[in-house]
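Mapping the sequence shown onto our numbering, position 92 (from 1) lands on 113, and the numbers just tick up by one.
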Amino acid sequence: MEIALSIISFTLAFLLSIIAIPPIVRVANAKHLFDQFNERKIHEKIVPPLGGVAIFIALSISTIISMYGTGAGRLRYVLAAIILMLFIGLKDDLIDISAGKKLAVQIFAAAILVVFGHFRFTNLHGVLSIYDVDYFSGVIITVFSIVVITNAFNLVDGVDGLAAGLGMMCAAFLGTWFFLAGQLIFAILAFALVGSLAGFFIYNVFGDKYKLFLGDNGSLIVGIIIAALIIEFNELNITDKTGVQVDAAPAVSFALIIVPLFDTMRVMTIRMMQRRSPFSADKNHIHHRVFYFFKKHIVVTSVVLGMNLAIFLFALWLSLSGLSVNYQLTMILMVSTVVFYIPSIIIRISEMKKSDDVKQSKRELFFRLFF
């Protein structure tokens, strides 16, 4: 029965996503519901940014049907958070809102998950030598983590299929783990997310007449679901009660979403070092760097997904080593730094050679190479 429900959640979400997108695109075209172009866009035509609507429809219906008889439990609060992300994302996509208002709604949605849904870190597994955390500290850390992960998925959505591909990769692993751990409702949610994103991915990457972008409404939904699943994954791995315990769960979780998280930290650091707002727009994201070499979105997406997968597999291998979680996190950060900066360094060296600018100080050369 558990296998059947998991398969149903994926299949139904995939089919509903495939069915829902064409009429959504027709309505968007008829009503001129389009995203605004800005300096960060690397697309050549206007496309409706309503992918989140299709994902919401497919995800919610398939999850509710698949959980028949199992009890929704805490997932109703996940649904509440998803609805908030859908509406604030739609408003930002179609009207544009201030970053402050957007952040306030994200914090409110995160608070719903933490306070009412009980998605809260109670133990940090020894990260920075911290284990058990009190309720207040756990709430602060968890709300912060949810907001960071949600925005990380939002910021990485820059080429066709990337955010959806990362979401599918994360949800597929987490769904499989939850299934093996006997956590059926979370497995159903994860596989429903994989199915809805798979349907969207087809139209987003290969679509023409019915091409659709994920939009903020979609990337925020994906981000907050992945955040909730990762919190639960870490909590269930505090003690070996599932039979499939993952050692150093925080390190594995970090590696699972390494592209959104590390790329967000990297670009914000660059902006602050350049004395700009960390939320200002630019083309410093990893997908912009890879796009410099490969002009096709599907190739860029494949390369970046490959980077994420390689680092995640490295983290899984490290988790079997018995090393401390802090050592594993350090190793993952070191490897990620090398992998993520290779495209930037190659681009900088190429640009510097073209300009024949060889009379710079060592400090200036270092800054140009890495930032």
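The C-beta atom is built at its ideal place from N, Cα and C for all residues, glycine as well.
What are the boundary residues of the alpha helix (DSSP H) that includes residue i?
{"i": "Ile245", "result": "Gly236 to Leu257"}
{"i": "Thr163", "result": "Tyr156 to Val177"}
{"i": "Lys122", "result": "Ala120 to Ala132"}
{"i": "Asn144", "result": "Premise fails: Asn144 is in no alpha helix (DSSP H) and is neither H nor E."}
{"i": "Ala25", "result": "Glu23 to Lys52"}
{"i": "Asn225", "result": "Leu205 to Phe227"}
{"i": "Thr84", "result": "Gly72 to Ser87"}
{"i": "Leu115", "result": "Leu96 to Leu115"}
{"i": "Arg296", "result": "Note, Arg296: premise wrong, no alpha helix (DSSP H); not H, not E."}
{"i": "His309", "result": "Ile307 to Phe312"}
{"i": "Gly186", "result": "Leu183 to Leu201"}
{"i": "His318", "result": "His318 to Ser340"}
{"i": "Phe275", "result": "Ala270 to Leu277"}
Roughly how many whole angstroms lie between the Cα atoms of residue i and residue j?
{"i": "Asn225", "j": "Ile151", "result": "42 Å"}
{"i": "Lys383", "j": "Ile39", "result": "Note that Lys383 scores 49 on pLDDT, short of 50, meaning its location in the model is unreliable; the coordinates nonetheless yield the value given after this. Rounded to the nearest angstrom, the two C-alpha atoms are 54 Å apart."}
{"i": "Ala102", "j": "Asn258", "result": "24 Å"}
{"i": "Arg369", "j": "Leu350", "result": "28 Å"}
{"i": "Phe140", "j": "Asp155", "result": "14 Å"}
{"i": "Ala49", "j": "Ile86", "result": "28 Å"}
{"i": "Asp229", "j": "Ser217", "result": "19 Å"}
{"i": "Gly72", "j": "Val325", "result": "21 Å"}
{"i": "Met189", "j": "Ile291", "result": "29 Å"}
{"i": "Ser83", "j": "Leu210", "result": "9 Å"}
{"i": "Val360", "j": "Phe108", "result": "36 Å"}
{"i": "Val148", "j": "Ala269", "result": "9 Å"}
{"i": "Ile24", "j": "Ile251", "result": "22 Å"}
{"i": "Val164", "j": "His53", "result": "36 Å"}
{"i": "Ser158", "j": "Asp261", "result": "24 Å"}
{"i": "Phe222", "j": "Tyr231", "result": "12 Å"}
{"i": "Ser345", "j": "Phe31", "result": "36 Å"}
{"i": "Val311", "j": "Ile353", "result": "21 Å"}
{"i": "Asn347", "j": "Leu341", "result": "14 Å"}
{"i": "Ile28", "j": "Lys316", "result": "36 Å"}
{"i": "Phe55", "j": "Pro43", "result": "15 Å"}
{"i": "Ile133", "j": "Leu105", "result": "10 Å"}
{"i": "Trp198", "j": "Val215", "result": "14 Å"}
{"i": "Phe77", "j": "Lys112", "result": "15 Å"}
{"i": "Gly264", "j": "Glu253", "result": "16 Å"}
{"i": "Ser166", "j": "Phe129", "result": "13 Å"}
{"i": "Met294", "j": "Ala120", "result": "21 Å"}
{"i": "Arg47", "j": "Ile363", "result": "42 Å"}
Could you check which residue in the options has the C-alpha nearest to that of residue i?
{"i": "Ala272", "options": "Val46, Ala102, Met355 and Ala120", "result": "Met355"}
{"i": "Ala202", "options": "Phe275, Ala93 and Gln266", "result": "Gln266"}
{"i": "Leu235", "options": "Ala25, Glu23, Ile45 and Ser274", "result": "Ile45"}
{"i": "Ile278", "options": "Phe174, Phe227, Leu33 and Thr322", "result": "Phe174"}
{"i": "Phe283", "options": "Thr263, Asn329 and Thr260", "result": "Asn329"}
{"i": "Ala276", "options": "Leu145, Ala336, Ile162 and Lys123", "result": "Ala336"}
{"i": "Val321", "options": "Ala331, His309 and Ile332", "result": "His309"}
{"i": "Arg95", "options": "Val160, Phe227, Ala249 and Trp198", "result": "Ala249"}
{"i": "Met88", "options": "Ser323, Ala34 and Met293", "result": "Ala34"}
{"i": "Ser81", "options": "Leu37, Ser119 and Ala51", "result": "Leu37"}
{"i": "His146", "options": "Arg296, Ser274 and Ala120", "result": "Ser274"}
{"i": "Gly327", "options": "Ile367, Gly264, Phe227 and Leu183", "result": "Leu183"}
{"i": "Ala185", "options": "Ser323, Ile162, Asp153 and Ala51", "result": "Ser323"}
{"i": "Ile367", "options": "Gly343, Phe314 and Leu334", "result": "Phe314"}
{"i": "Val135", "options": "Ile161, Asn144 and Asp153", "result": "Ile161"}
Just confirm the distance between the C-beta atoms of residue i and residue j, as a whole number of angstroms; I'd bet it's less than 8 Å.
{"i": "Phe11", "j": "Asn255", "result": "Since the first and last residues shown for the chain are 22 and 392, residue 11 lies out of range."}
{"i": "Asp181", "j": "His318", "result": "4 Å"}
{"i": "Gly407", "j": "Gly239", "result": "Residue 407 lies beyond the residue range present for the chain, which begins at 22 and ends at 392; the question has no answer from this structure."}
{"i": "Ala213", "j": "Phe200", "result": "About 13 Å separates the two Cβ atoms, so there is no contact after all."}
{"i": "Leu233", "j": "Ala75", "result": "7 Å"}
{"i": "Ile168", "j": "Ala125", "result": "According to the sequence displayed, residue 168 carries Val and not Ile. Not really, about 10 Å apart at Cβ, beyond 8 Å."}
{"i": "Thr171", "j": "Gln127", "result": "6 Å"}
{"i": "Asp117", "j": "Asp237", "result": "So it is not a contact: roughly 10 Å between Cβ atoms."}
{"i": "Ala41", "j": "Ala79", "result": "6 Å"}
{"i": "Leu187", "j": "Val280", "result": "6 Å"}
{"i": "Ile332", "j": "Ser365", "result": "Not confirmed; about 17 Å, so no contact."}
{"i": "Leu176", "j": "Leu26", "result": "Their Cβ separation, rounded to whole angstroms, is 34 Å, which puts Leu176 and Leu26 out of contact at 8 Å."}
Counting Cβ pairs closer than 8 Å, one from the stretch 194 to 202 and one from the stretch 232 to 246, do we hit at least three?
Taking a cut-off of 8 Å for Cβ pairs, the stretch 194 to 202 and the stretch 232 to 246 do not touch, as fewer than three such pairs fall below it.
Tell me whether the stretch 276 to 290 and the stretch 303 to 323 touch, counting them as touching only if at least three CB pairs, one residue from each stretch, are closer than 8 Å.
The answer is yes - the stretch 303 to 323 touches the stretch 276 to 290, with three or more Cβ pairs under 8 Å.
Is the stretch 66 to 78 touching the stretch 89 to 99 in the sense that three or more CB pairs, one from each, lie closer than 8 Å?
With a cut-off of 8 Å, the stretch 66 to 78 and the stretch 89 to 99 do not count as touching, because too few Cβ pairs lie within range.
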